[in-house]
Amino acid sequence: MDPILFEIGGFKLRYYGLMYALAFFIGIEIAKREAKRVNMSPALLENFAITAMVSGLIGGRLYYVLFNPHYYFNNPMEILAVWNGGMAIHGGIIGGIIGTFIFAHRNKVSPWKLGDIAAAPFILGQGIGRFGNLMNGEIHGVPTFTPWKVIFTLKPGFYTWYDQYRSMSIEAQMKYKELVPWGIVFPESSPAGSEFPNLPLHPAMLYEMFLNFTAFLLIWFYFRKKEYAAGTVWWIYVIMYSLIRVFVSFFRAEDLMIAGFRAPHAISIIFVSVSIIMIKYLNKRDI
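Counting with the UniProt record's numbering, you get residues 1 to 287 for the letters of the sequence shown.
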């Protein structure tokens, strides 16, 4: 498992960057198809896609940096090194929303219609991007032998248990059985391998990839074809992804933290609440 697909001279093609590029171009084609269906200019959608991607990347990176201030304060040049990983999807969503409103205002179109068109391509792109995370060995899970009662507790509870595990003798450690057979052992050069060397881990990035693809199918083949007020499909996407992230975060080992709690859980609860309010508001206003 290597983050670099190939290297020619000084040029390195990384899976992470390649997945972002694929997600962008596939997303544009899907968005253009949806734009035609709702009588919106495909050319306008191409410009919007660039704006949404840039604002989403900026938001995702700033969010991640703000939650890791100590590291980036001591390594300021790493702030721009997005090819090494370090993006937060909640920040990307916030950045994408801001970019959408700015673009909509300048082009005199409905931001809600743009959001509806972006919903399916966005979550499909997230799923594609998780393959890049797999090759980077990041967004990794906890060891597959972690007891369920430890996984579904507050995040510090896992590290308390893991410290106890490491203090055990080799014979005692060997008594722990894998709870699932699909754990992945990552290279020690990767973030996952350096934190848990030679241990099979929950492939949390693959869990999310599968769920993102499932959400894409639901949005593309069901929700986008319903008669909702403009903006509803976008907020349905936010709800679906927030629920996905709540589930996957139980298995993730490197989630950002807020006062001992998993940050994605706290932010997802806020996102779901706001989404429900917005769906009710938009559909009531549209009556």
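For each residue, glycine too, the CB sits at the ideal point set by N, CA and C.
Just so you know, these numbers come straight off a predicted model, no measurement behind them.
When you compare the CB positions of V142 and L201, do they come within less than 9 Å of one another, or not? Remark: C-beta atoms of V142 and L201 approach each other more closely than 9 Å.
Boundaries of the alpha helix (DSSP H) in which E208 is found, first to last residue: A204 to F221
Would you mind stating whether R224 and V233 have Cβ atoms separated by less than 9 Å? yes
Considering only the alpha carbon of each residue, which of G115, E195 and L22 lies closest to D163? D163 has its Cα closest to that of E195, out of G115, E195 and L22.
What span of residues does the alpha helix (DSSP H) with R166 cover, start to end? K155 to S167
Distance, Cα to Cα, L218 vs P197? When rounded, the distance between both Cα atoms is 38 Å.
Enclosing beta strand (DSSP E) for I4 [first to last residue]: Element bounds for I4: I4 to I8.
Please determine, among P181, I128, F221 and Y207, the residue with the shortest C-alpha to C-alpha distance to A21. I128
What's the gap between the Cα of A118 and the Cα of P42? 13 Å
Counting Cβ pairs, one atom from each stretch, are 3 or more of them under 8 Å apart for the stretch 51-61 and the stretch 89-100? yes
Where the alpha helix (DSSP H) containing F25 begins and where it ends: F25 -> alpha helix (DSSP H) spans Y15 to R37.
Rounded separation between R33 and W220 - CA only: 11 Å
First and last residue of the alpha helix (DSSP H) that includes T100? I89 to N107
Applying the 10 Å Cβ sphere with the 16-neighbour rule, what's the burial state of residue 306? Given that the chain is displayed from residue 1 to residue 287, the structure contains no residue 306 and the question cannot be resolved.
Please state whether the Cβ-Cβ distance between Q126 and A23 is less than 9 Å. yes
How is the alpha helix (DSSP H) around M240 delimited, first residue to last? Its alpha helix (DSSP H) spans residues T232 to S249.
Which partner residues does F261 have in the DSSP bridge list? I258
Of all the CB atoms in chain B, is at least one closer than 9 Å to the CB of K225? Within the model displayed, chain B is absent; a lone protein chain is all it includes.
Can you tell me whether D255 is buried or exposed, with buried defined as 16 or more other CB within 10 angstroms of its CB? buried
Which of the three DSSP states, helix, strand or coil, is assigned to G59? helix
Taking the CB atoms as reference points, tell me whether F247 and Y207 lie closer together than 9 Å. yes
Status (buried if at least 16 other CB within 10 Å, exposed otherwise) for M19: buried
Close-in-space but distant-in-sequence residues of the same chain around N283 (CB under 7 Å, 5 per side omitted): Contacts found: Y228, A229 and T232.
Helix, strand or coil for F73 per DSSP? DSSP places F73 in helix when its eight states are reduced to three.
Got a sec, what are the start and stop residues for the alpha helix (DSSP H) L134 sits in? In the DSSP annotation of this structure, the continuous segment of the alpha helix (DSSP H) that includes L134 starts and ends at P111 to N136.
Is the CB-CB distance between I170 and A215 below 9 Å? no
Rounded C-beta distance between L124 and I26? I'm assuming under 8 Å. 7 Å
Give me the Cα-Cα distance between R285 and F271, rounded to the nearest whole angstrom. 21 Å
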